[in-house]
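Participant: Pasting a structure below so you can have a look.
2 protein chains.
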Amino acid sequence: MGRMLGKQSVVFDNPPYIIEGASIVGQKEGEGPLGKLFDVVEQDPMLGRDTWEEAESLLQKEAIQKVLFKSNMNKEDIRYIFAGDLLGQLIATTFGILEFEIPFFGLYGACSTMGEALSMAAITVDGGNADNVIAIASSHFASAERQFRFPLAYGNQRPYSATWTVTGCGSVIVSRQKGFAKISGLTTGKIVDFGVKDAQNMGACMAPAASDTIYQHFQDFNTRPEDYDKIITGDLGVVGKTILFDLLNEKGYDISKQHMDCGIEMFDAGTQDTHAGGSGCGCSATVLTGYVFRQIRKKAFKKVLFIPTGALMSPVSFNEGNSVPGIAHCVQIEIA
Amino acid sequence: MGRMLGKQSVVFDNPPYIIEGASIVGQKEGEGPLGKLFDVVEQDPMLGRDTWEEAESLLQKEAIQKVLFKSNMNKEDIRYIFAGDLLGQLIATTFGILEFEIPFFGLYGACSTMGEALSMAAITVDGGNADNVIAIASSHFASAERQFRFPLAYGNQRPYSATWTVTGCGSVIVSRQKGFAKISGLTTGKIVDFGVKDAQNMGACMAPAASDTIYQHFQDFNTRPEDYDKIITGDLGVVGKTILFDLLNEKGYDISKQHMDCGIEMFDAGTQDTHAGGSGCGCSATVLTGYVFRQIRKKAFKKVLFIPTGALMSPVSFNEGNSVPGIAHCVQIEIA
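Order-wise, the sequence lines are chains X and P. Per the working numbering, residue 1 is the first one in the first sequence, and the count goes up by one each step. Per the working numbering, residue 337 is the first one in the second sequence, and the count goes up by one each step.
Rendered as structure tokens:
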């Protein structure tokens, strides 16, 4: 059973376990600083398919196959899939997971989706409703550009505040069976809107939400930054990171020693021309499964906060002049 | 605690309660056969706003305010919102619920979203993770037409198999406190693809998923249609209903006596020119909260299955020639 803690958190007295993770990325991600840590690097951005959306679906399919293989499980062992992507109506997910015939909860949390999926997975397993479930999230550079920005062939310029959508998919099996890590608590984010309207500066849109959730986590759990080996945001990038530090400093918390941002780690901005960093739900999902899980297995990280952040916008809301609110979901992961 | 049952179901031994529901609809829905049963009928399709999307957001805001008012609760009493709509990146939801500052899980299940939201709400409350949560889903005729079909001004013709997206929003408070009804079990749907590519015939796309989930529910719970006062699908319409009956008959189940479809009930197709029936996540959400809950309170219905169905497609997937897979989530609701 879970237990409500403080204003917006949950603590699990018998935490559900993480037994395995898998990560599939594209070529550019494979050439980045973390490249060697991912399970699969796909060299063809189309993955042999006809459309970017089908390519992204295939990333999801491969990430499920891989995590099942690594954990020595069959699809019949999985009770639910909690999954999402960035595309309208979650079509990358729909066509990616279809053939597994596993009961499915579709989630949309923009780039925070992996945090949302792990949260729902943990709640569901903890409550006795499932033995094993998969949490998964994907993004693809080209399907996201088509969805949110300009046709690739247009060759638009990108400001330095812009992030680069990661081509990648990360999958995690959350289970009642003992694993290498456990999900010991959650702090679920609310939507935070600072009125930022610049969709090319999503770090600035999301940083207030990250600050809000991290601050609330410290309050609810009565902890300090020093209590964690790492405090891992999703894809704030270099602009959002600065804003996050400023906002948390105002509230009396300095997380600069513990902080890492998956978007900043993913690429070498100097040589890969990715500007503020990586983004997309595949960014935090693959850095979690490719890098963070390895560090936990090696006991280099014993207790971390994983806080992917999402920018809540659509082409329609942007064109209608709306702001870009943010959301961030915090998942507390500890060595088992 | 929940308990896994059969292949894809959950049964709650101490079921979470439904303490209140609220329904907001548009003018056309207000003029339909169920019109007098909804809490609010908005006469202006724009709700005084500048865009259809903002109007839909306002439906969500009003449905939350109404359900809080009817249950004598404040927003501080609500631990989580489980919410979704049909629009890309859930923008109607984002801007509708923003100001309540309640931790938020964004869901996309197309027109099955209310079933998904009630499922996650029940799992979360049942597991001790929350005392009170809101499940909510909305749709708006004009924002959906803009998202999925043609500009309204184009005046396109609609085949008789087409459904009419309901302008409406239904909200439900699921709680640990005793209410008038309880959620006693769930059968969560998997994606089912019969290869139907006609996005103007969503009943045909969704009926196989409804059949799959209902059949599995009977198997997992070892029940028959006679065990329920009503078996309520979301928005199959007249075409989908026929297919559903055929598919279940093939498997040895005749649900014709117990079945009702929210989409068929919502409009008088003869006088309202709505063809196959109503659709959209607001359809099943408002018929559940406006009509079904009243019947349960009156003890006219003592045990029902609520099975909203979703057609999983986007403008991109449709234009790329993909099929329209379906999904259906079954929620078993009983008098408390």
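Every residue, glycine too, gets a C-beta built ideally from N, C-alpha and C.
1. Indicate the three-state DSSP secondary structure (helix, strand or coil) for residue 378 of chain P in the structure shown.
2. Can you pull out the residues from the segment 503 to 532 of chain P whose beta carbon lies closer than 7 Å to at least one beta carbon of chain X?
3. Within 10 angstroms of its Cβ, does residue 308 of chain X collect 16 or more other Cβ (buried), or is it exposed?
4. Would you call the CB atoms of residue 446 of chain P and residue 147 of chain X closer than 8 Å?
5. Does DSSP put residue 89 of chain X in a helix, a strand or coil?
6. Given this structure, state the Cα-to-Cα distance separating residue 429 of chain P from residue 37 of chain X, to the nearest angstrom.
7. Is it buried or exposed, residue 636 of chain P, if we count other Cβ atoms within 10 angstroms and call 16 or more buried?
8. Quick check on the DSSP output: the beta strand (DSSP E) that includes residue 326 of chain X runs from which residue to which?
9. Go through its chain and collect everything with a Cβ distance to residue 541 of chain P's Cβ below 6 Å, but skip five positions before and after it.
10. Where does the unbroken alpha helix (DSSP H) through residue 364 of chain P begin, and where does it stop?
11. Look up residue 630 of chain P in the DSSP assignment and say whether it is helix, strand or coil.
12. Measure the beta-carbon distance from residue 331 of chain X to residue 183 of chain X and round it to whole angstroms, keeping in mind my assumption that it falls under 8 Å.
13. As an exercise, report each continuous alpha helix (DSSP H) stretch of at least 4 residues that is fully enclosed by the segment 253 to 284 of chain X, in chain order.
14. Could you name the residues of the same chain whose beta carbon sits closer than 7 Å to that of residue 368 of chain P, not counting the 5 residues immediately before and after it, in chain order?
15. Taking the C-alpha atoms as reference points, what is the distance between residue 377 of chain P and residue 521 of chain P?
16. Please name the residue or residues paired with residue 337 of chain X in a DSSP beta bridge.
17. Quick one: what's residue 199 of chain X bridged to in DSSP?
18. Run through chain X and tell me which residues come within less than 8 Å of residue 452 of chain P, C-beta to C-beta.
19. Would you mind working out which of X/279, X/233, X/83 sits nearest residue 344 of chain X, comparing C-alpha positions?
20. Does the beta-carbon distance from residue 170 of chain X to residue 23 of chain X come in below 8 Å?
21. Based on DSSP bridge pairs, tell me the residues matched to residue 353 of chain P.
22. DSSP state of residue 574 of chain P, grouped into three classes?
23. So, with DSSP's three-state summary, where would you put residue 109 of chain X?
24. Just to make sure I have the definition right: I need the residues of chain P whose C-beta is within less than 7 Å of the C-beta of residue 165 of chain X. Which are they?
25. Would you report the Cα separation of residue 352 of chain P and residue 227 of chain X, rounded to the nearest angstrom?
26. To the nearest angstrom, how far is the alpha carbon of residue 225 of chain X from that of residue 21 of chain X?
27. Please say whether residue 104 of chain X and residue 136 of chain X have beta carbons closer to each other than 8 Å?
28. Can you find the residues in the same chain that come closer than 6 Å, C-beta to C-beta, to residue 67 of chain X, ignoring five residues on each side of it along the sequence?
29. Given 8 Å as the limit, is there contact between the segment 476 to 490 of chain P and the segment 142 to 159 of chain X, that is, 3 or more CB pairs closer than that?
30. Can you find a C-beta in chain X that's less than 8 Å from the C-beta of residue 661 of chain P?
31. Can you list, in chain order, the residues of the segment 285 to 308 of chain X whose Cβ is nearer than 7 Å to any Cβ on chain P?
32. Could you tell me whether any Cβ in chain P is nearer than 8 Å to the Cβ of residue 110 of chain X?
33. Would the beta-carbon of residue 619 of chain P fall within 8 Å of that of residue 463 of chain P?
34. Is residue 547 of chain P closer than 8 Å to residue 584 of chain P when the C-beta atoms are compared?
35. Would you give the residue range spanned by the alpha helix (DSSP H) that residue 316 of chain X belongs to?
36. Report the three-state DSSP secondary structure of residue 8 of chain X (helix, strand or coil).
Facilitator: According to the structure data:
1. On the second sequence, position 42 is the one that residue 378 of chain P refers to. Residue 378 of chain P: strand per DSSP, three-state reduction.
2. 524, 525, 526, 527, 529
3. The residue given as residue 308 of chain X occupies position 308 in the first sequence. Classification for residue 308 of chain X: buried.
4. Locating residue 446 of chain P in the second sequence gives position 110, where the first residue counts as 1. Locating residue 147 of chain X in the first sequence gives position 147, where the first residue counts as 1. No, they are not a contact pair.
5. Stepping through the first sequence from its first residue, residue 89 of chain X is reached at position 89. DSSP places residue 89 of chain X in helix when its eight states are reduced to three.
6. The sequence position of residue 429 of chain P within the second sequence is 93, counting from 1. The sequence position of residue 37 of chain X within the first sequence is 37, counting from 1. The alpha-carbon of residue 429 of chain P is positioned some 37 Å away from that of residue 37 of chain X.
7. As a first step, residue 636 of chain P is located in the second sequence; it is residue number 300 there, counting from the start. With fewer than 16 Cβ atoms within 10 Å of its Cβ, residue 636 of chain P is classed as exposed.
8. As a first step, residue 326 of chain X is located in the first sequence; it is residue number 326 there, counting from the start. Where residue 326 of chain X is concerned, the enclosing beta strand (DSSP E) stretches over 326 to 328.
9. Here residue 541 of chain P refers to the residue found at position 205 when the second sequence is read from its first residue. Answer for residue 541 of chain P: 532, 647, 660, 662, listed in chain order.
10. The count along the second sequence starts at 1 and reaches residue 364 of chain P at position 28. Its alpha helix (DSSP H) spans residues 363 to 366.
11. Counting from one through the second sequence, the residue named residue 630 of chain P turns up at place 294. Residue 630 of chain P: helix per DSSP, three-state reduction.
12. Position 331 of the first sequence, counted from the first residue, corresponds to residue 331 of chain X. Position 183 of the first sequence, counted from the first residue, corresponds to residue 183 of chain X. Sure, about 6 Å apart at Cβ, within 8 Å.
13. 262 to 266, 269 to 272
14. Translated into positions along the second sequence, residue 368 of chain P becomes position 32. Once the five neighbours on either side are set aside, the close Cβ partners of residue 368 of chain P are 602, 603, 604, 608.
15. Residue 377 of chain P sits at position 41 when you count from the first residue of the second sequence. Residue 521 of chain P sits at position 185 when you count from the first residue of the second sequence. The straight-line gap from Cα to Cα measures roughly 32 Å.
16. Nothing can be reported for residue 337 of chain X: it is not among the residues displayed for chain X, which extend from 1 to 336.
17. By one-based count along the first sequence, residue 199 of chain X stands at place 199. Residue 199 of chain X pairs with nothing; no bridge assigned.
18. Residue mapping note: residue 452 of chain P aligns to position 116 of the second sequence, counting from 1. Under the 8 Å cutoff, chain X gives 105, 106.
19. Lying outside 1 to 336, the shown extent of chain X, residue 344 of chain X is not represented and no answer is given.
20. Position 170 of the first sequence, counted from the start, is the residue given in the question as residue 170 of chain X. Position 23 of the first sequence, counted from the start, is the residue given in the question as residue 23 of chain X. Against a cut-off of 8 Å, the Cβ pair of residue 23 of chain X and residue 170 of chain X comes out as a contact.
21. Residue mapping note: residue 353 of chain P aligns to position 17 of the second sequence, counting from 1. Partner(s): P/511, P/518.
22. Stepping through the second sequence from its first residue, residue 574 of chain P is reached at position 238. Of the three classes helix, strand and coil, the one that applies to residue 574 of chain P here is helix, per DSSP.
23. Counted from its first residue, the first sequence places residue 109 of chain X at position 109. Strand.
24. For this step, residue 165 of chain X is matched to residue 165 along the first sequence. In chain order: nothing, as chain P lies at least about 14 Å away.
25. By one-based count along the second sequence, residue 352 of chain P stands at place 16. By one-based count along the first sequence, residue 227 of chain X stands at place 227. The straight-line gap from Cα to Cα measures roughly 35 Å.
26. Numbered from 1 along the first sequence, position 225 holds the residue referred to as residue 225 of chain X. Numbered from 1 along the first sequence, position 21 holds the residue referred to as residue 21 of chain X. Near 26 Å, if we compare the C-alpha coordinates of residue 21 of chain X and residue 225 of chain X.
27. For the purposes of this step, residue 136 of chain X is taken as residue 136 along the first sequence, with counting starting at 1. For the purposes of this step, residue 104 of chain X is taken as residue 104 along the first sequence, with counting starting at 1. No; because the gap between Cβ atoms is not below 8 Å, this pair is not in contact.
28. Counted from its first residue, the first sequence places residue 67 of chain X at position 67. For residue 67 of chain X, where only same-chain residues beyond five positions count, the Cβ hits under 6 Å are 20, 22, 171, 173.
29. no
30. Translated into positions along the second sequence, residue 661 of chain P becomes position 325. Yes, because at least one Cβ of chain X sits closer than 8 Å to the Cβ of residue 661 of chain P.
31. none
32. For the purposes of this step, residue 110 of chain X is taken as the residue at position 110 of the first sequence. It does; some Cβ of chain P falls within 8 Å.
33. Translated into the one-based positions of the second sequence, residue 619 of chain P becomes position 283. Translated into the one-based positions of the second sequence, residue 463 of chain P becomes position 127. Taking 8 Å as the Cβ cut-off, residue 619 of chain P and residue 463 of chain P do not qualify as a contacting pair.
34. Counting from 1 along the second sequence, the entry for residue 584 of chain P is found at position 248. Counting from 1 along the second sequence, the entry for residue 547 of chain P is found at position 211. Yes, these two residues count as a Cβ contact at 8 Å.
35. Stepping through the first sequence from its first residue, residue 316 of chain X is reached at position 316. Run containing residue 316 of chain X: 315 to 319, per the alpha helix (DSSP H) assignment.
36. Translated into positions along the first sequence, residue 8 of chain X becomes position 8. It is coil, neither helix nor strand.
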